[in-house]
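Report on one structure; see the data block that follows.
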Amino acid sequence: MFHVKRLPLAVRYADWLADAGTVRGLIGPREVPRLWERHILNCAVLADAIPESSTVADIGSGAGLPGLVTAIARPDLRVTLVEPLLRRTTFLSEVIEDLALDNVEVVRGRADALHGQRRFDVVTSRAVSSLDTLLDWSMPLVDRHGALVAMKGASAETEVGDAAAALTRWGCARPEIMALGEGVVSPPTIAVRVVWADPSQVSWPPVSRAVRKSDRPGSARRKPRGKG
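This is the structure in structure tokens:
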């Protein structure tokens with residue numbers, strides 16, 4: 052959760068969400084009374100699943116949930132907020148400047164625009180897409196010993212089952228479903244953590260096993276490209 056020295060920054064961020072975030076359509080007006088329990092604290096406990104001094108990419112960051120909250124809670128992290136919409140990246144940049152956060156950068160664009168260019172220890176997301184789609188967007192950004200850590204709700208177990216083919220295709224280990232913040236937030240935050248099954252076999256940009264099998268001996272060999 053937030054250290055006492057970081058709490059004023061979290062309060063200031065909440066003010067931004069309640070004011071400019073609502074006016075610009077990033078947060079629904081009905082969400083304002085429950086910003087803390089439903090959004091900020093719900094995201095803050097995600098920091099417990101991120102190793103010290105990690106590089107983090109938050110894809111589809113929107114209003115900064117969970118990426119900006121994580122950066123506020125954990126100044127030891129280097130956080131990249133990836134968001135394609137200009138009005139959202141403008142909001143994020145204004146908040147970062149106002150809060151004087153020196154551990155955050157904003158990248159305007161889709162996650163797949165970074166495939167083959169950037170790698171991170173942790174790739175996060177919240178309410179972006181189903182797990183099978185997130186794998187295509189996120190795994191090409193995950194470092195060899197890194198992880199995808201996606202915030203999910205009650206659908207986590209179902210999504211893991213539905214993503215079985217994609218997990219195999221990308222060469223991922225069996226996902227871990229985590230309940231974060233038990234005793235701190237109610238209900239706890241549910242996240243799915245996915246890592247590489249064999250980090251030594253990963254190259255960049257990673258290609259799914261289905262693509263590798265198509266590279267038959269004697270055929271024209273294409274330059275590998277990550278999906279997204």
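Per this note's numbering, residue 52 is the first one in the sequence shown, and the count goes up by one each step.
Cβ coordinates follow ideal geometry from the N, Cα and C atoms, glycine included.
Inset, instruction - Give me the Cα-Cα distance between residue 148 and residue 157, rounded to the nearest whole angstrom. - result: Position 97 of the sequence shown, counted from the start, is the residue given in the question as residue 148. Position 106 of the sequence shown, counted from the start, is the residue given in the question as residue 157. So the two alpha carbons sit approximately 11 Å from each other.
Legend entry - Neighbourhood of residue 217 by C-beta, 6 Å cutoff - its chain only, sequence neighbours within 5 removed: Within the sequence shown, numbered from 1, the residue matching residue 217 stands at position 166. Closer than 6 Å at the Cβ level, and outside the excluded window around residue 217, lie 183 and 186.
Inset, instruction - Locate the beta strand (DSSP E) running through residue 231, then write down its first and last residues. - result: Here residue 231 refers to the residue found at position 180 when the sequence shown is read from its first residue. Run containing residue 231: 227-231, per the beta strand (DSSP E) assignment.
Inset, instruction - Round the Cβ separation of residue 198 and residue 246 to the nearest angstrom and send it over; I've been treating them as touching at under 8 Å. - result: Counting from 1 along the sequence shown, the entry for residue 198 is found at position 147. Counting from 1 along the sequence shown, the entry for residue 246 is found at position 195. About 5 Å; that satisfies the 8 Å criterion.
Inset, instruction - Have a look at residue 175 and residue 251 and give me their C-alpha separation to the nearest angstrom. - result: As a working mapping, residue 175 is identified with position 124 in the sequence shown. As a working mapping, residue 251 is identified with position 200 in the sequence shown. Roughly 22 Å separates the two Cα atoms.
Inset, instruction - Could you check if residue 265 is buried or exposed, using at least 16 other CB atoms within 10 Å of its CB as the buried criterion? - result: Here the question's residue 265 lines up with position 214 in the sequence shown. Because the pLDDT at residue 265 is just 40, under 50, the model does not fix this residue reliably, and the value given afterwards should be weighed accordingly. Residue 265 should be labelled exposed.
Legend entry - residue 127 vs residue 104 beta-carbon contact at 8 Å: Here residue 127 refers to the residue found at position 76 of the sequence shown. Here residue 104 refers to the residue found at position 53 of the sequence shown. Yes.
Legend entry - Where the alpha helix (DSSP H) through residue 212 begins and ends: Indexing the sequence shown from 1 puts residue 212 at position 161. Looking at the DSSP string, the run of the alpha helix (DSSP H) that includes residue 212 is 207-213.
Inset, instruction - Spatial neighbours of residue 161 within its chain, please: CB distance less than 6 Å, with the 5 preceding and 5 following residues excluded, ordered by chain position. - result: Here residue 161 corresponds to residue number 110 of the sequence shown, with the count starting at 1. Closer than 6 Å at Cβ, skipping near neighbours: 135.
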